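Numbering (the working numbering), first residue to last: 7 to 370.
Here a beta-carbon is modelled for each residue, glycine too, at the ideal position from N, C-alpha and C.
All figures in this text were calculated on a predicted structure; none of them were measured in a lab.
Just below is one structure, and these are the notes that go with it.
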Amino acid sequence: MNVVVARAPGRINLIGEHTDYNQGFAMPIALEERTTVRFEPDGSDVITVGSTQEVGRSTFALQAQPGEVEGWAAYPAGVVWALQAAGHPVVGGVMSVTSDVPIGAGLSSSAALECAVLLAINAATGTNLELLEVARIAQHGENDFVGAPTGSMDQLASLHGEVDRALLIDFEDSSVTPVVFDLASHGLTLLVVDSNAAHRHSTGEYASRRESCTRAATALGVDSLRRVQGNDDAALLERIDDEVDRRRVRHILSENQRVLDCAKALRAKGFRKVGELMTQSHASMRDDFEITTAHVDLIADSAVRHGALGARMTGGGFGGCVIAIVPAEDVDAIAGAIEHDITRGGFPAPTVFTARAGAGASWS
Ligand code: GLA
């Protein structure tokens, strides 16, 4: 049987947080950093996985059920489980994983792994699926095998990535519209500040945010918050008794509008406006959705104070990375000033790098 290789990138979400499972809007980019899976099918009924980022190898049965596979191997095992649940063939063999997507930084190392594993298996079995179907199967594995109640943004971004394009996603129909995102041609750079903060509570907190949104939608008599997007927000919010849920909804509705405004500003090359919307998004995540931490708040504030056009935490929250749009000539000065502020604030030094929008997943 032939060896196959599949690659899938991590992602940065430019704007639109926790909107995916509310059928709203988001605008991520795929990263140049990616996960590569080399798969040697052997026709057996087990898959053995090893990774240069993890110690030791794991073997799981093709028939493994939720709860039976522990650690990072649950992600590939979840893909195998979900592929079969959707009626597609799988095959045993040996998978070797390499990746330069940072793990646990909110840059979707898990979606990159899932998509690369899934595309490698499909290449080995000669299965050709629409990207939307690939995203849905990977998400099903993550939700119901791994047990993380996430949406589909990360997988869609990893699969649809395009060089120098942001991806405007409408989660009502999962349509993806590329929008030119070429900061370099405008003397700008996307700075990524990884707080290096472990986000231990992320799963429980993520689930509780999702429950708030579901509860509020029920209170409003709709199946999704998307149904009330664009209504008179103040009057609408008064119909939600729970004060906390009300603020969660305010974040979702205002964030959806910011995504649309941001796409408009990007098309008009209005980068100042893009920056303002990013900073507003951070404030909404901090005050209304309450998914930031004092640590990432300090990084975002510091970036703006030292000359970024805008800055916000990216990803599910409770740690991870802050992104900022900065003048290219000031990258080093701003990065240095942020590092200084963060360590003076008593936090560990961040890891700072720059990012560009890269291509989506591929296989051979
Ligand atoms: C995580 C999830 C995504 C999305 C973001 C928040 O990355 O995997 O589905 O909900 O959080 O926007």
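Skipping 5 residues on each side, what residues in its chain have a beta carbon closer than 8 Å to that of residue i?
i: Asn149; result: Pro155, Thr156
i: Ala130; result: Met7, Asn8, Val10, Phe45, Pro47, Val97, Gly99
i: Glu168; result: Ala36, Pro184, Ala363, Ala365, Gly366
i: Ala309; result: Leu197, Val199, Ala317, Val328, Ala330, Val332, Ile340, Ile344
When we look at the beta-carbon of residue i and count the other beta-carbons within 10 Å, is it buried (16 or more) or exposed?
i: Ser373; result: It is not possible to answer for residue 373, since the shown part of the chain is limited to 7 through 370.
i: Arg311; result: exposed
i: Thr195; result: buried
i: Thr349; result: exposed
i: Met159; result: buried
i: Met2; result: The shown model of the chain, from 7 to 370, leaves out residue 2, and the question about it has no answer.
i: Asn134; result: exposed
i: His346; result: exposed
i: Thr58; result: exposed
i: Gly132; result: exposed
i: Glu335; result: exposed
i: Ser6; result: As shown, the chain starts at 7 and ends at 370. That puts residue 6 outside it, with no answer to give.
i: Arg318; result: buried
i: Glu39; result: buried
i: Thr224; result: exposed
i: Gly29; result: What sits at residue 29 in the sequence shown is Gln, not Gly. Answer is buried; the Cβ neighbour count reaches 16.
Going straight from the alpha carbon of residue i to that of residue j, what length do you get?
i: Arg264; j: Ile258; result: 10 Å
i: Cys219; j: Leu231; result: 7 Å
i: His192; j: Asp238; result: 37 Å
i: Pro47; j: Ala269; result: 43 Å
i: Asp106; j: Pro95; result: 29 Å
i: Val337; j: Ala367; result: 29 Å
i: Pro108; j: Arg245; result: 42 Å
i: Gly281; j: His288; result: 11 Å
i: His207; j: Val186; result: Interpretation of His207 is limited by its pLDDT of 49, a score under 50 that renders its predicted location unreliable; no figure is taken from the coordinates.
i: Phe177; j: Leu162; result: 10 Å
i: Ala300; j: Pro356; result: 14 Å
i: Leu272; j: Ala144; result: 30 Å
i: Asp248; j: Leu174; result: 32 Å
i: Phe359; j: Gly22; result: 22 Å
i: Asp294; j: Val152; result: 28 Å
Quick one: what's residue i bridged to in DSSP?
i: Val107; result: Paired residues: none, contrary to the question.
i: Ile329; result: Val198, Arg318
i: Ile35; result: Ile18
i: Phe45; result: Val10, Met101
i: Trp369; result: Ala12
i: Glu168; result: Arg171
i: Arg63; result: Gly56
i: Arg40; result: Pro15
Less than 6 Å between C-beta atoms, sequence neighbours within five positions excluded: which residues of the same chain meet that for residue i?
i: Ser180; result: Leu138
i: Thr54; result: Arg63, Thr65, Val100
i: Pro82; result: Val55, Val123
i: Thr41; result: Ala14, Ser105, Val107, Ala118, Leu119, Ala122
i: Tyr212; result: Gly322
i: Ser50; result: Gly98
Check residue i in the structure and name its three-state DSSP category.
i: Val280; result: helix
i: Ala363; result: coil
i: Arg245; result: coil
i: Ala117; result: helix
i: Leu2; result: Summary: the structure shown does not reach residue 2, with the chain confined to residues 7 through 370, and so no result is reported for it.
i: Leu137; result: helix
i: Ile175; result: strand
i: Thr54; result: strand
i: Ser180; result: coil
i: Glu76; result: coil
i: Val358; result: strand
i: Val85; result: helix
i: Val186; result: strand
i: Ile297; result: coil
i: Asp267; result: helix
i: His207; result: In this predicted model, His207 has a pLDDT of only 49, less than 50, meaning its place in the structure is not dependable; the value taken from the coordinates is given anyway. Looking at His207 - three-state DSSP - the assignment turns out to be coil, as it is neither helix nor strand.
i: Asn237; result: coil
Between residue i and the rest of its own chain, which residues show a CB-CB distance below 7 Å, the 5 nearest in sequence each way excluded?
i: Asn202; result: Pro354, Pro356, Thr357
i: Asp26; result: Ala32, Gly157, Ser158, Met159, Phe177
i: Gln90; result: Val96
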